[in-house]
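**Student:**
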Amino acid sequence: MRFFTYSLLLILSLMSYSYAAMRMGEWGMVMNENSEQLPQGCDSIEGEDKIVIKAGREYAKEFPGTIFGYSQHTFSFPKCTRVEVTFINEDDIRHQFMIHGLPSYLHPQGMFHMELYGRGETTGTFITPNTKQTYLAHCDIAQHTEKGMKAQVKVGGGNGNLPSIPGVSGQLNKDVYEIDVGLKNLLLLAALLMLGFAISVFFFTRNKKTP
Amino acid sequence: MKKYSALSLLFSAIVLSIIALALYDPYLLNKRFFDYIGMPDYQAPPQSKPKPDIGAVTVCDELYPEWRKAYTIGGVEIEPSDACNPDNPYEVAAFVLGTNNVIMPVLMKTQLSDDSVVKTNDRDGDGDPDDIVIRVEIAELNGRSPDETEFLPHFEIAPGIAPGAWVFAPKSRGMATVNREDLTANHLLRLPSAPIRVEEGDNVTLILENTHYFPHTIHLHGVDHSYSNNDGVPQTSEKMTMPGEQHVYKIKPRQAGTMVYHCHVQVQVHFMMGLQGMFIVEENKPNNWVQTFNVGAGKVRKPSVGVREDYDQEYDLHYQAIDTALNNLIQTSNDPRQLAKRMNRLYDITDGTDDYFMLNGRSFPYTLRESLITVESNQHTKMRVFNGTPEMLALHTHGHKATITAYDGVDVNPLAQITRDVYSVAPAQRVDLDLYTKDDGLHSYGEGIWLMHDHAERAITNDGIAPGGNVSQIVYRKYLNKHALPNGEGEDVSPYFSPEYYKGNLPSWVASDAFGFFDDAGDKTVNSFKDVALIIVLGMLAGVLFLLLSSIYIFFHGLAAKLKGRQP
Chain D
1 MRFFTYSLLL ILSLMSYSYA AMRMGEWGMV MNENSEQLPQ GCDSIEGEDK
51 IVIKAGREYA KEFPGTIFGY SQHTFSFPKC TRVEVTFINE DDIRHQFMIH
101 GLPSYLHPQG MFHMELYGRG ETTGTFITPN TKQTYLAHCD IAQHTEKGMK
151 AQVKVGGGNG NLPSIPGVSG QLNKDVYEID VGLKNLLLLA ALLMLGFAIS
201 VFFFTRNKKT P
Chain F
1001 MKKYSALSLL FSAIVLSIIA LALYDPYLLN KRFFDYIGMP DYQAPPQSKP
1051 KPDIGAVTVC DELYPEWRKA YTIGGVEIEP SDACNPDNPY EVAAFVLGTN
1101 NVIMPVLMKT QLSDDSVVKT NDRDGDGDPD DIVIRVEIAE LNGRSPDETE
1151 FLPHFEIAPG IAPGAWVFAP KSRGMATVNR EDLTANHLLR LPSAPIRVEE
1201 GDNVTLILEN THYFPHTIHL HGVDHSYSNN DGVPQTSEKM TMPGEQHVYK
1251 IKPRQAGTMV YHCHVQVQVH FMMGLQGMFI VEENKPNNWV QTFNVGAGKV
1301 RKPSVGVRED YDQEYDLHYQ AIDTALNNLI QTSNDPRQLA KRMNRLYDIT
1351 DGTDDYFMLN GRSFPYTLRE SLITVESNQH TKMRVFNGTP EMLALHTHGH
1401 KATITAYDGV DVNPLAQITR DVYSVAPAQR VDLDLYTKDD GLHSYGEGIW
1451 LMHDHAERAI TNDGIAPGGN VSQIVYRKYL NKHALPNGEG EDVSPYFSPE
1501 YYKGNLPSWV ASDAFGFFDD AGDKTVNSFK DVALIIVLGM LAGVLFLLLS
1551 SIYIFFHGLA AKLKGRQP
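Line by line, the protein sequences are chains D and F.
Position 5, counted from 1, in the first sequence is what the numbering used here calls 5; the numbers after and before it change by one each time, with no gaps.
Each number in the numbering used here comes from the position in the second sequence (counting from 1) with 1000 added on.
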């Protein structure tokens, strides 16, 4: 049984590099591309779309507390559309643009993966499935997703937002910050507390007087 | 309302207290009580608690046992390894030949990027490449995620123990975790930072690609290098390498020896977080293809020509310590600004205490899986020891006295070499040892399984619970079982592989104490008439105290009413 598993793993690993949709070199790699095969439920390719995704620390400036980022963090496409992605890395380190959860009969492990080993540019193609769904796209280098390189791909309008998309949605494990004790903030806090106090006192004294 | 006499209540309280004390233990009232009435009756102490169920534990989680045998890949002869989880031989071949010189199927069996180790140009015509480009990245282990409940990528130093850490790692490709579901770190991302090997006289280009969210540098401690823009010290030689940037260090080392590389930004934090590794310069020899990285340290599966001339095998031994008050700070926030403040300004290393002690990134019992020194009789084993902890290392070998052949990469005059069984290694110091397994009562006392550990006793524990820490073993091969683990004659080690053991939930001798002499004692229950009487008396005492309080309340209430001039 174990031998069988290992030989299967071996065959799989051999397949992965001889897989037609894999390109790899000193610049990086594009894995599990799909520009021809139709996803289930698509009768034909109903449209073409092109996007440019830039990656780098430049795009973290806009969002405090992040270090890396993409030029855009939400992408929307109709169903059954062929999308040509141009991925540009503006840093001198590795970055990725990896979409998860795609149909695994088209993309092994459900992944469409673009990676650049340094500054540069590459293109890759995938076809959106016939499902109304929001897919995760990110850079899976340790702490890059966490520090801002997280995006969502909405197909057919998507099914809601993913958490921690910079500028779009909030964290599930919230970071805790101290309260500003500047005069302006304190006055505002005091005024709001007084307002709440006055509302409840007014409510109860008024209720008492009505017979 | 009926009034109680406060005095009678007070009297009752005193009497009840004395009765309760007498029922609990009259010895407390009068030391000679039992002299008058005879010795107390036998009352059995509680039974032991049932032995906890340890459940199924994995002693060796072997993934690729076939990797233990000797391999020849691309003409590189790779020595066998006895580790439970040995180094990937294809990766070793890629490190020896260079990722630019191996065929695609070999590179695909690793997770290295094509440009992580580039070897070209045999400039001195001695049969090995002399222009070496090495790319390292920085990875965070057990870090916080804004969305996941676990810390990732997950790396355990011992069962259930996963402190935060940063490491230098060879440049890789693909995901940091095994996959989307299994958030364990891919095997290149681990403690310690991988030892780097180059050859004396090589033109080495070491490129730091800062994939982490803080600024870093590399200081080549002890390695021959020029100063300008090359020393890794932000106060003197160069600007820090910011996230997303890279820095190129160029060296051509003229002296061989065991050296160190480490980050020199906020050293009291970054060094202790794990940005420290061994940097070994091998002697220049013909046809000397050295193994550029030794991921996880431990056995070198392709030793250099120079080492192979004098030794049968070679091990890298990197000792580290972790203060969780520092290391786990990275698990408290996802905001780098908060982390920078907490780590650099609020954490105070002068108040720090180390909790975990590691050899090659693991603490006992995981040292059994990959940090054993396995030997045969009459062999010379080269051991390069680096102390990355902030305290003195007092490394002790049971059953052997090894010879110190070099300090800090400088050979000791053979006439002045010292043979001993406790090797003191100062922080950041390196000691090269010649472990000679000749059974002469001096170098070795014979075959067996012999411990090897820091003899500063805190370092043989995992946060105070022993056995743990940097304990490893020198094992003669005939004592290894088919899972490459030592078959000792001592106690069963399986309880140590349960996370419950290091949480302190298992009795220390749980598996070796058939009679249950040292199991946890049970708790006290009500099991005699005396106990019943005691509890009832305590209840009565509570009632009396309640009445006493209520009479005090009535008294003050009456007083307050009088002061207001109303009728009580």
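Ideal Cβ placement from N, Cα and C applies to all residues, glycine included.
1. Answer yes or no: does any C-beta atom of chain D fall closer than 8 Å to that of R1144(F)?
2. Rounded to whole angstroms, how far is the Cβ of L1317(F) from the Cβ of N1360(F), which I believe are closer than 8 Å?
3. Work out the CA separation of Q1047(F) and E1140(F) for me, nearest whole Å.
4. Where does the unbroken alpha helix (DSSP H) through I88(D) begin, and where does it stop?
5. Per the DSSP calculation, S1444(F) is bridged to which residue(s)?
6. Report yes or no: do the segment 1193 to 1200 of chain F and the segment 1275 to 1289 of chain F share at least 3 C-beta pairs separated by less than 8 Å?
7. Beta-carbon within less than 7 Å of H138(D)'s beta-carbon, same chain only, minus the 5 sequence neighbours each way: which residues are those?
8. For S104(D), which residues in chain F fall below 7 Å Cβ to Cβ?
9. Closer than 7 Å, Cβ to Cβ, to anything on chain F: give me those residues from the segment 129 to 150 of chain D, in chain order.
10. With a threshold of 8 Å on Cβ separation, who are the neighbours of H95(D) within its own chain once the five nearest residues in sequence on each side are excluded?
11. Measuring only the C-alpha atoms, how far is L1415(F) from Q1111(F)?
12. Taking C-beta pairs closer than 7 Å, name the residues in chain F that E121(D) reaches, listed in chain order.
13. Could you have a look at I165(D) and say whether DSSP puts it in helix, strand or coil?
14. When you compare each of T1184(F), D1147(F), G1125(F) to P1153(F) by their alpha carbons, which one comes out closest?
15. Check whether the segment 1083 to 1091 of chain F touches the segment 1101 to 1120 of chain F, counting contact only when three or more Cβ pairs, one atom from each stretch, lie closer than 8 Å.
16. Which residues bound the beta strand (DSSP E) around N173(D)?
17. Taking one C-beta from the segment 1124 to 1140 of chain F and one from the segment 1310 to 1327 of chain F each time, how about it: are there three or more such pairs within less than 8 Å?
18. Assuming L1395(F) contacts D1440(F) under a Cβ cut-off of 8 Å, what Cβ separation, rounded to an integer in Å, is found between them?
19. Out of S1444(F), I1418(F), D1408(F), R1420(F), which one is the CA nearest neighbour of Q1429(F)?
20. Tell me the DSSP bridge mates of M1175(F)?
21. When you compare the CB positions of H1187(F) and H1221(F), do they come within less than 8 Å of one another, or not?
22. Determine the direct distance from the alpha carbon of R1144(F) to that of R1560(F), and round the result to whole angstroms.
23. Can a CB atom of chain F be found closer than 8 Å to the CB of R23(D)?
24. Based on the DSSP output, what are the partners of P993(F) in its beta bridges?
25. Using the Cβ count rule (16 or more neighbours within 10 Å means buried), how would you classify E1309(F)?
26. Tell me, to the nearest whole angstrom, how far the beta carbon of R1301(F) is from that of E1079(F); I am working on the premise that it is less than 8 Å.
27. I'd like to confirm the pairing. Which residues does DSSP put opposite L1023(F) in its beta bridges?
28. D92(D) to L1368(F), Cα distance in whole Å?
29. Return the first residue and the last residue of the alpha helix (DSSP H) that V959(F) is part of.
30. Exposed or buried, Q1235(F), counting other C-beta atoms within 10 Å across all chains shown (16 or more means buried)?
31. Give me the chain F residues within the contact set of H100(D), using Cβ-Cβ distance strictly less than 8 Å, ordered along the chain.
32. Taking the alpha-carbon of E1077(F) as reference, which of H1380(F), W1289(F), V1059(F), G1446(F) has the nearest alpha-carbon?
33. Should Q1276(F) go down as buried or exposed, given a rule of 16 or more other Cβ atoms within 10 Å for buried?
34. Any idea if G1464(F) is buried or exposed, counting beta-carbon neighbours within 10 angstroms, 16 or more meaning buried?
35. Going by DSSP in three states, S35(D) sits in which element: helix, strand or coil?
36. Would you please verify whether the beta carbon of T1110(F) is less than 8 Å from any beta carbon of chain D?
**Tutor:** Inspection of the coordinates gives the following:
1. Closer than 8 Å: yes.
2. The beta carbons of L1317(F) and N1360(F) sit about 7 Å from each other, so the pair counts as a contact at 8 Å.
3. For the pair E1140(F) and Q1047(F), the Cα-to-Cα distance works out to about 48 Å.
4. I88(D) -> not in any alpha helix (DSSP H); beta strand (DSSP E) instead, spanning 81 to 89.
5. For S1444(F), which the question treats as bridged, DSSP gives the partners H1400(F), D1439(F).
6. Using a Cβ-Cβ distance cut-off of 8 Å, the segment 1193 to 1200 of chain F and the segment 1275 to 1289 of chain F are in contact, since at least three pairs of beta carbons, one from each stretch, lie closer than that value.
7. Around H138(D): M98, T145, M149, K150, A151.
8. Within chain F, no residue comes near S104(D); the closest Cβ sits about 11 Å away, beyond 7 Å.
9. So the list reads D140, I141, A142, Q143, E146, K147, given in the order they occur along the chain.
10. Listed in chain order, the non-local C-beta contacts of H95(D) below 8 Å within the same chain comprise A55, G56, F68, N89, E115, L116, C139, I141, H144, M149, local neighbours out to five positions each way being set aside.
11. When rounded, the distance between both Cα atoms is 46 Å.
12. Simply none; closest approach about 16 Å.
13. Residue state, collapsed to three classes: coil.
14. For the residues T1184(F), D1147(F), G1125(F), the minimum Cα distance to P1153(F) belongs to T1184(F).
15. Because the criterion of three Cβ pairs below 8 Å is met, the segment 1083 to 1091 of chain F and the segment 1101 to 1120 of chain F touch.
16. Membership of N173(D) in any beta strand (DSSP E) is not indicated, and neither H nor E is assigned to it by DSSP.
17. No, because fewer than three Cβ pairs between the segment 1124 to 1140 of chain F and the segment 1310 to 1327 of chain F fall closer than 8 Å, the two stretches do not touch.
18. Between D1440(F) and L1395(F) the Cβ distance is about 22 Å, and since that is not below 8 Å, they are no contact.
19. For Q1429(F), the nearest C-alpha among the options comes from D1408(F).
20. M1175(F) is not bridged to any residue.
21. Cβ distance not < 8 Å, so H1187(F) and H1221(F) don't count as in contact.
22. A small correction: the amino acid at residue 1560(F) is Ala; Arg does not occupy that position in the sequence shown. In a straight line, the C-alpha of A1560(F) is about 59 Å away from that of R1144(F).
23. No, R23(D) does not count as interfacial toward chain F.
24. Any question about residue 993(F) goes unanswered here, given that chain F covers just 1001 to 1568.
25. Classification for E1309(F): exposed.
26. Yes, they are in contact, since the Cβ atoms of R1301(F) and E1079(F) sit about 5 Å apart, within 8 Å.
27. DSSP output for L1023(F) lists no bridge partner at all.
28. Distance between the alpha carbons of D92(D) and L1368(F) is about 39 Å.
29. Nothing about residue 959(F) can be read from this structure; chain F reaches only from 1001 to 1568.
30. Exposed.
31. For H100(D), the neighbours in chain F by C-beta distance under 8 Å run, in chain order, R1180.
32. Closest in C-alpha terms to E1077(F), from the list H1380(F), W1289(F), V1059(F), G1446(F), comes W1289(F).
33. Flag for Q1276(F) reads buried.
34. Exposed, because fewer than 16 other Cβ atoms sit within 10 Å of the Cβ of G1464(F).
35. In the structure shown, S35(D) sits in coil (DSSP, three-state: anything other than H, G, I, E or B).
36. Closer than 8 Å: no.
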